[in-house]
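Below is one structure, written out as structure tokens; comments come after it.
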């Protein structure tokens, strides 16, 4: 596709329910990132996938959060037993990956706005 | 761990006014620095970036930023803003080595009045 897409665009759920958010990266982008943006705050890194390497999960806030990516395609972010503090916009980004010392621009999707009642 | 501070949360300017948005970061090593912009209803997009070399970098739409290493700052400037610059602006930093993810500031909402 032309850009990073995410679904759903909005999700309202009840506290304690599980939710699954989806990200479709730009074709050919081997790197994929998940970020979270709480109201009035900056983007907070959650998890990073690069090709077949083990993902960098250092930003996941608790074990209720998990993410998967199959190959270099779609990724899903799952939040189990949602809490009100999970309410945020969840952003996905993808990029190419070049050699060490080279930065490739991250292209962001439109985000999923999650509201936990 | 690195952190990024943006001092202005909400800035209101009239068209043709000059703009400067502050950004300071905390990290002891070499960093790459970025400004991202999010126009209303649109995705985050890269405005400009600094990796090395000339500390004054120019980006799209007439924006520029100056890296001052001694002050750990990377302020964004534009000599004359337009109504179309109304957006939210985010400063971000990435260590030169290690994790590829970005650390973002909390953002500055710019409102330009016609």
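Residue numbers (our numbering), protein chains in the order written: chain V, 34 to 150; chain S, 554 to 667.
Just so you know, even glycine gets a beta-carbon here, dropped at the ideal spot from N, CA and C.
Contact list for residue i against chain S, beta-carbon separation under 7 Å
i	result
residue 74 of chain V	659
Test item: CB-CB of residue i and residue j under 8 Å
i	j	result
residue 45 of chain V	residue 148 of chain V	yes
residue 97 of chain V	residue 117 of chain V	no
residue 658 of chain S	residue 75 of chain V	yes
residue 42 of chain V	residue 115 of chain V	no
Buried versus exposed, by CB contacts within 10 Å (16 or more), residue i
i	result
residue 661 of chain S	buried
residue 48 of chain V	exposed
residue 656 of chain S	buried
residue 85 of chain V	exposed
residue 559 of chain S	buried
Supposed close pair residue i, residue j - CB separation, criterion 8 Å
i	j	result
residue 108 of chain V	residue 101 of chain V	7 Å
residue 568 of chain S	residue 664 of chain S	The pair is not a contact, with the Cβ atoms about 11 Å apart (cut-off 8 Å).
residue 143 of chain V	residue 563 of chain S	About 23 Å separates the two Cβ atoms, so there is no contact after all.
Chain-ordered chain V contacts of residue i [CB-CB under 8 Å]
i	result
residue 643 of chain S	75, 76
residue 639 of chain S	Those within 8 Å of residue 639 of chain S in chain V number zero; the least Cβ separation is about 18 Å.
residue 557 of chain S	75
Per-residue contacts from residue i into chain V (C-beta, under 9 Å)
i	result
residue 511 of chain S	Outside the shown range of chain S, which is 554 to 667, sits residue 511 of chain S, and nothing can be said about it.
residue 655 of chain S	66, 68, 76, 78, 126, 139
Within chain S, the residues that residue i reaches when beta carbons sit closer than 9 Å
i	result
residue 89 of chain V	652, 653, 654
Chain V residues whose Cβ lies nearer than 7 Å to that of residue i
i	result
residue 599 of chain S	138
| Do three or more CB pairs link the segment 641 to 648 of chain S to the segment 587 to 601 of chain S at distances below 8 Å? | yes
| Taking contact to mean at least 3 C-beta pairs separated by less than 8 Å, is the segment 125 to 132 of chain V in contact with the segment 600 to 613 of chain S? | no
| Are the segment 61 to 76 of chain V and the segment 120 to 128 of chain V in contact at 8 Å, needing three or more beta carbon pairs? | yes
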